[in-house]
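Only one structure is covered here, and it is reproduced in the block below.
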Amino acid sequence: MKKLFSVLLASIIIVSCSSTEKKDENKKEESKPLVGEASQLQIPKVAAGKIDRIESFKSDYIDDRLVDVYLPEGYSADKKYAVLYMHDGLMLFDSTITWNKQEWQVDEHITKLLGENDIKDVIVVAVPNNGKYRSSEYLPQKSIETLDEKLYKKVLKYRMEGKALSDNYLKFLTKELKPYIDNKYPTKPERENTFVMGSSMGGLISLYAICEYPEVFGGAACLSTHWPMIFPDKFTENDLKNVTDGIIDYTDTHLPDPKTHKIYFDFGTETLDAMYEPYQLRIDEVMKKHHFDKSNWLTQKFPGQNHSERAWDSRLDIPLIFLLGK
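In our numbering, the protein residues as written are 20 to 345.
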């Protein structure tokens, strides 16, 4: 009997150890960033300057969110700083924590441009995306609210996880986060020193931000703007036309005053970026219609560049100088 008990006890221990090992393996797998994500477990390492991390910013509009504030080399409370708000904030500084091992190298670019006296003093407020609800927060909801009910519900279901959150996301940025940043850091809070930047869907929400809050943001940079917005495999060509007509019509009726605002667009020609030129050309016509010119608007085409952080890194100096140049 003792021998049988010993055998059973040994079997239980082996199964228990095996189960624990599997759980540990699953935890390790879960900690790895999925496509489009980055680890939130460590503060990004920067080449120069430092990052202040707000571990959990409480919001009445969106889910609580960590926020990284990049303070450049030589940062001093005796200076005053412009502020650049950037979306997909965990993809900006440290490729070791990102899903694809790429980054924008924002810290390197800011350090170089400040050292060469090409841009004004600036801090960067990096806001991570929401993962599952990234599209819900970044897709301009007023551009789809004019769609017929059937298509609107289809966009919500297949593109936005059932929720339209971009208006609340912008309320978080403008009514909660910006006042906090302006209170804690020595900023220049005026519109002419407050900017927003993002890529892909982050380009859309950057445009939406300057259109919805022209009194807050003086400039927006929209890299590889994802004008199509919806997935071709889930929608018809007519659906795509109606959705993209929606964002172009929205832009036409909501652009801010060119006398007081700057807007930057760009796109490559490979991978997802290969789809963008026809839409960007239509947007360019809207910009001309509203009297934007080379002093306050720039659209750039980059042949051979694709839809990736490495591509945005390769040309980041251009929008930074356009928005922040002295």
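For each residue, glycine too, the CB sits at the ideal point set by N, CA and C. Quantities reported herein were computed from a predicted structural model and do not represent experimental measurements.
- Distance between beta carbons of S218 and S243, contact taken as under 8 Å: Between S243 and S218, the beta carbon gap of about 5 Å places them in contact (Cβ cut-off 8 Å).
- Simplified DSSP assignment, three categories, for M216: The DSSP-derived three-state label of M216 is strand.
- Task: Rounded to whole angstroms, what's the CA-CA distance from S58 to W118? Just pull it up for me.
- Result: Distance between the alpha carbons of S58 and W118 is about 8 Å.
- Could you name each continuous alpha helix (DSSP H) segment of 4 residues or more that falls completely within the segment 146-202, going from the start of the chain to the end? For secondary structure counted as the alpha helix (DSSP H) over 4 or more consecutive residues, the segment 146-202 holds these complete runs in sequence order: 153-157, 168-178, 185-190.
- Can you tell me whether H310 is buried or exposed, with buried defined as 16 or more other CB within 10 angstroms of its CB? Flag for H310 reads exposed.
- CB contact flag (D258, R334, <8 Å): Their beta carbons are not under 8 Å apart, which means D258 does not touch R334 by this criterion.
- Message: With distance defined between alpha-carbon atoms, name the residue in A145, N325, T270, K182 nearest to I229.
- Response: When only C-alpha atoms are compared, the closest one is T270.
- What did DSSP end up calling T130 once you bin it into helix, strand or coil? Collapsing the DSSP output to three states places T130 in a helix.
- Message: Tell me whether the segment 297-310 and the segment 95-107 touch, counting them as touching only if at least three CB pairs, one residue from each stretch, are closer than 8 Å.
- Response: No contact exists between the segment 297-310 and the segment 95-107.
- Task: Under 8 Å Cβ to Cβ from E180, same chain only, skipping five residues before and after it: list those, please.
- Result: Taken in chain order, the residues that qualify are K151, Y152, S154, S155.
- Task: Please classify T270: does DSSP put it in a helix, a strand, or coil?
- Result: Judged by DSSP in its simplified three-state form, T270 adopts helix.
- Query: Can you give the Cα-Cα distance for D2 and G93, rounded to whole angstroms?
  - Reply: Not covered by the structure: residue 2. The range shown for the chain is 20 to 345.
- Query: What does a CB cutoff of less than 6 Å around V305 pick up in its chain, not counting 5 residues either side in sequence?
  - Reply: Cβ contact annotation for V305 (same chain, cutoff 6 Å, sequence separation greater than five): T270, D271, in chain order.
- Task: With A240 as the anchor, note down where its beta strand (DSSP E) starts and where it stops.
- Result: Going by DSSP, A240 is part of the beta strand (DSSP E) stretching over 238-242.
- Message: Is G323 near the ligand GTP - that is, is its Cβ less than 7 Å away from at least one heavy atom of it?
- Response: By its list of ligands, the structure shown contains no ligand whatsoever, and the ligand GTP lies outside what it can speak to.
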